[in-house]
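Numbering (this note's numbering), first residue to last: 66 to 129.
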């Protein structure tokens with residue numbers, strides 16, 4: 066298992082984990098929740114790391 070902080074980031078910067086990788090065998094709904102939480106944290110991490118914003122956009126971004 067991996068140690069993670071509240072954002073599901075491991076001790077390696079930019080590496081996230083959840084579900085059975087964090088707490089061992091558990092319910093699938095717990096793993097799904099961890100995945101959702103990690104996805105939000107990964108998005109926030111990448112936005113800060115690459116200096117993106119919702120208004121700035123970036124190359125390759127989908128447009129409406």
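C-beta atoms are modelled at their ideal positions from N, C-alpha and C, and glycine is treated no differently. Quick caveat, the model's predicted, so the values are computed rather than measured.
Residue 81 and residue 116 have their alpha carbons spaced roughly 20 Å apart.
Between residue 92 and residue 85, the alpha-carbon positions lie close to 9 Å from each other. Looking at the DSSP output, residue 112 bridges to nothing. Pairing residue 110 with residue 74, the inter-Cα distance amounts to about 10 Å. In this model, residue 88 and residue 66 are separated by some 6 Å (Cα to Cα).
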